[in-house]
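Engineer:
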Amino acid sequence: MVNQSGRINPSGASLMIKPVGAACNLDCTYCYYLPTHDVYGDRAHRMHDVILEEIFRTILPEYEDHVSICWQGGEPTLAGIEFYEKAMGWQEKYKRPGQVIENLLQTNGTLLDDEWGAFLSKNRFLVGLSCDGPPHLHDKYRYTVKGDASSDKVLRGLDVLKKHGVEYNILCVLNDVNVKHPELVYNYVTKLGSRYVQFIPAIEWEDTKEDYVQGHAAADVGLKKISPSAVEYGQFLCKAFDMWNTHHRTHLSIQLFDVMLNQYLFSRSTLCINSNACHNQLTIEYDGSVYGCDHYVNHRWQLGHVSDRDWRHKKVDDTGMVALTVSAGDEPDEDWYEGLDRDVFETFAKRKLDLPEKDCGRCEYQRFCYGGCPKHRPRRGEVTEKTVLCEGYKLFFEHAMPTLEKIATHYRHYGELPATEAEIERQKQVKSGVIRPGQKVKPNELCPCGSGMKFKKCCKN
Ligand code: SF4
Ligand code: SF4
Numbered sequence: 000m001v002n003q004s005g006r007i008n009p010s011g012a013s014l015m016i017k018p019v020g021a022a023c024n025l026d027c028t029y030c031y032y033l034p035t036h037d038v039y040g041d042r043a044h045r046m047h048d049v050i051l052e053e054i055f056r057t058i059l060p061e062y063e064d065h066v067s068i069c070w071q072g073g074e075p076t077l078a079g080i081e082f083y084e085k086a087m088g089w090q091e092k093y094k095r096p097g098q099v100i101e102n103l104l105q106t107n108g109t110l111l112d113d114e115w116g117a118f119l120s121k122n123r124f125l126v127g128l129s130c131d132g133p134p135h136l137h138d139k140y141r142y143t144v145k146g147d148a149s150s151d152k153v154l155r156g157l158d159v160l161k162k163h164g165v166e167y168n169i170l171c172v173l174n175d176v177n178v179k180h181p182e183l184v185y186n187y188v189t190k191l192g193s194r195y196v197q198f199i200p201a202i203e204w205e206d207t208k209e210d211y212v213q214g215h216a217a218a219d220v221g222l223k224k225i226s227p228s229a230v231e232y233g234q235f236l237c238k239a240f241d242m243w244n245t246h247h248r249t250h251l252s253i254q255l256f257d258v259m260l261n262q263y264l265f266s267r268s269t270l271c272i273n274s275n276a277c278h279n280q281l282t283i284e285y286d287g288s289v290y291g292c293d294h295y296v297n298h299r300w301q302l303g304h305v306s307d308r309d310w311r312h313k314k315v316d317d318t319g320m321v322a323l324t325v326s327a328g329d330e331p332d333e334d335w336y337e338g339l340d341r342d343v344f345e346t347f348a349k350r351k352l353d354l355p356e357k358d359c360g361r362c363e364y365q366r367f368c369y370g371g372c373p374k375h376r377p378r379r380g381e382v383t384e385k386t387v388l389c390e391g392y393k394l395f396f397e398h399a400m401p402t403l404e405k406i407a408t409h410y411r412h413y414g415e416l417p418a419t420e421a422e423i424e425r426q427k428q429v430k431s432g433v434i435r436p437g438q439k440v441k442p443n444e445l446c447p448c449g450s451g452m453k454f455k456k457c458c459k460n
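Mapping of the sequence shown onto numbering that gives the first Met the number 0: residues 0 to 460, in sequence order.
(1) Grab the span of the alpha helix (DSSP H) containing Y93 for me, first residue to last.
(2) Measuring CB atoms only, is the segment 393 to 409 touching the segment 423 to 432, in the sense that at least three cross pairs come out at less than 8 Å?
(3) Three or more C-beta pairs closer than 8 Å, one from the segment 254 to 267 and one from the segment 17 to 25: is that the case here?
(4) Indicate, with yes or no, if ligand 2 has a heavy atom lying under 7 Å from the CB of D340.
(5) Shorter than 7 Å, the distance from the beta carbon of Q365 to the closest heavy atom of ligand 2, or not?
(6) Between the Cα of V176 and the Cα atoms of L191, T245 and T28, which residue gives the shortest distance?
(7) Only counting runs of 3 or more residues, tell me where the beta strand (DSSP E) segments fall wholly within the segment 251 to 315, in order along the chain.
(8) For a test of the three-state rule: what should DSSP assign to A407, helix, strand or coil?
(9) Would the beta-carbon of V461 fall within 8 Å of that of Y232?
(10) Report buried or exposed for K351, applying the criterion of at least 16 other Cβ atoms within 10 angstroms of its Cβ.
(11) Quick check: the Cα distance between G146 and N186, rounded to an integer number of angstroms?
(12) Could you check if D316 is buried or exposed, using at least 16 other CB atoms within 10 Å of its CB as the buried criterion?
(13) Determine the burial state of V1: buried for a count of at least 16 other Cβ atoms within 10 Å of its Cβ, exposed for fewer.
(14) Can C271 be considered in contact with ligand 2, in the sense that its beta carbon sits closer than 7 Å to one or more heavy atoms?
(15) Tell me whether Y295, by its Cβ, gets closer than 7 Å to a heavy atom of ligand 1.
(16) With which residues is Q105 paired in a DSSP beta bridge?
(17) Do you know whose CA, among R379, V289, V165 and A421, lies nearest D340's CA?
(18) In angstroms with no decimal places, state the Cα-to-Cα distance between V343 and W300.
(19) If contacts are defined as beta-carbon pairs under 8 Å, then P181 and F235 qualify, I think. What distance do you get, rounded to the angstrom?
(20) Would a C-beta distance cut-off of 8 Å place K94 and L59 closer than the cut-off?
(21) Should C368 be counted as a contact of ligand 2 given a C-beta to heavy atom distance under 7 Å?
(22) Who are E74's beta bridge partners in DSSP?
(23) Assign Y39 to one of three DSSP states: helix, strand, or coil.
(24) Would you mind sorting Q105 into buried or exposed? The rule is 16 or more other CB atoms within 10 Å of its CB.
(25) Going by Cα to Cα distance, which pick from T386, G414, H409 and G40 is closest to E209?
(26) Starting from the N-terminal side, write out each stretch of the beta strand (DSSP E) that is 3 residues or longer and does not extend beyond the segment 181 to 265.
(27) Please name the residue in P133, G79 and R56 whose C-alpha comes closest to that of V172.
(28) At a cut-off of 7 Å, would you count C130 as near ligand 2, judging by its Cβ distance to the nearest heavy atom?
(29) Does the beta-carbon distance from I68 to D286 come in below 8 Å?
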């Protein structure tokens with residue numbers, strides 16, 4: 000989970016909490032988390048206050064100076080405002096002087112009302128709102144448990160956030176349908192008024208229930224139909240990049256593009272998927288069980304329980320890379336996630352760099368890609384094979400990296416991102432007298448950015 004509030008070089012540790020497990024009022028076709036119902040039995044769960052307090056009592060005194068707590072589900076608002084008010088109280092009680100805690104709520108938005116708006120605003124939550132594009136695309140796979148469309152309720156929730164001045168980002172899941180409409184989806188989600196947007200590919204496998212619960216990945220399992228193909232995903236990213244670069248790069252954060260800029264500027268990734276290990280995505284389920292990541296909540300990968308006491312986070316080193324092995328001469332680090340199963344955690348974290356030499360080992364983009372997410376590899380990363388998204392990543396890297404490198408160089412020199420291509424083109428036209436300073440361009444005139452499109456279809460947006 001990237002620190003969603005930082006454009007450049009966010010630091011610190013993040014922790015994901017699942018207050019109601021996978022319980023949700025929606026039943027989205029592609030949801031990666033609903034299958035965890037089979038790990039925990041029926042659907043209705045809620046974290047007990049004892050567990051909630053224990054999380055902050057044991058973690059905050061040992062955690063880093065800047066901690067991101069991501070509340071996620073299922074649908075985390077089902078826990079109710081009273082639950083979160085208690086959480087805020089315990090955060091205040093147990094945090095160290097000067098320790099900064101940032102709360103993020105990832106929600107489908109359909110249950111937000113004025114009471115929620117006031118609470119989220121007062122406690123300065125950053126809200127992640129799920130929206131997969133215009134209603135006809137969003138409602139393709141995101142519907143209620145009764146089978147009703149959800150887009151109108153999401154837009155109502157968005158209005159609540161705007162009314163109460165809550166900061167929010169948009170999380171857009173790319174599936175086999177909306178991935179084919181990059182311009183439509185990009186234009187829609189970037190007009191929802193957020194400064195942060197994430198495009199997440201829905202890569203889901205056809206596991207059997209038993210294999211999922213046990214954390215076993217069978218050899219002959221294919222991808223679900225709802226998953227976008229690698230090429231479609233890559234093409235979407237290329238188009239989105241061009242639109243961002245032309246119109247939005249100074250004032251809109253697209254997660255993957257920011258991650259790449261961080262790689263250029265600071266040689267560190269702000270997203271687990273593009274880093275060297277799965278070490279910074281600890282997830283606590285409603286019953287206090289701890290996992291290395293919420294994509295691996297199953298019996299095999301459980302690391303421990305919050306009541307195992309005093310498990311703590313080892314700080315990353317200066318390069319942002321966590322030290323997963325103790326070098327010769329080093330003192331054994333007894334505090335390393337004390338209380339969690341170190342062997343399981345190391346195995347889990349290091350699997351990410353088990354990459355095929357013939358592909359990733361020789362790939363010029365390896366230091367940006369790190370082989371992507373293990374879950375996106377055949378057998379969920381149990382075998383040494385590259386991600387099913389590799390072809391898409393390469394399309395994107397080849398297309399965008401030269402420009403991203405130039406943007407990073409500009410940032411290094413001037414401490415800010417360069418003006419957008421549209422702004423630069425307009426400045427050129429003002430200088431050469433083609434248009435006057437401040438001159439308004441009519442909607443049907445050619446766009447001054449030189450795209451060849453009408454202004455109303457291009458930079459006016
Ligand atoms: S499996 Fe690893 S890369 Fe994938 S989401 Fe989890 S922590 Fe991130
Ligand atoms: S782009 Fe493909 S080959 Fe290169 S590191 Fe990523 S997954 Fe491996």
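From the three backbone atoms N, C-alpha and C, an ideal C-beta is built for every residue, glycine too.
Structural biologist: Taking the geometry as given:
(1) I80 to Y93
(2) no
(3) Touching, no, given that fewer than three Cβ pairs across the two stretches are closer than 8 Å.
(4) no
(5) For ligand 2, at least one heavy atom lies less than 7 Å from the Cβ of Q365.
(6) T28
(7) 288 to 290 and 301 to 304
(8) helix
(9) Past the edges of the chain, shown from 0 to 460, lies residue 461, and the structure says nothing about it.
(10) buried
(11) 27 Å
(12) With a pLDDT of only 41 at D316, under 50, the local geometry of the prediction cannot be trusted, and no value is derived from it.
(13) For V1, the predicted model reports a pLDDT of 31, less than 50, meaning its position is unreliable and no value from the coordinates is stated.
(14) no
(15) yes
(16) In the DSSP assignment, the residues bridged to Q105 are G127.
(17) V289
(18) 7 Å
(19) Contact between P181 and F235 is confirmed by a C-beta separation of about 5 Å, below the 8 Å threshold.
(20) The answer is yes: Cβ separation under 8 Å.
(21) yes
(22) According to DSSP, which records beta bridges pairwise, E74 is partnered with nothing at all.
(23) helix
(24) buried
(25) G40
(26) Within the segment 181 to 265, the complete beta strand (DSSP E) runs of at least 3 residues are 195 to 200.
(27) Distance from the Cα of V172 is smallest, within the candidate group P133, G79 and R56, for P133.
(28) C130: no, Cβ never under 7 Å from ligand 2.
(29) no
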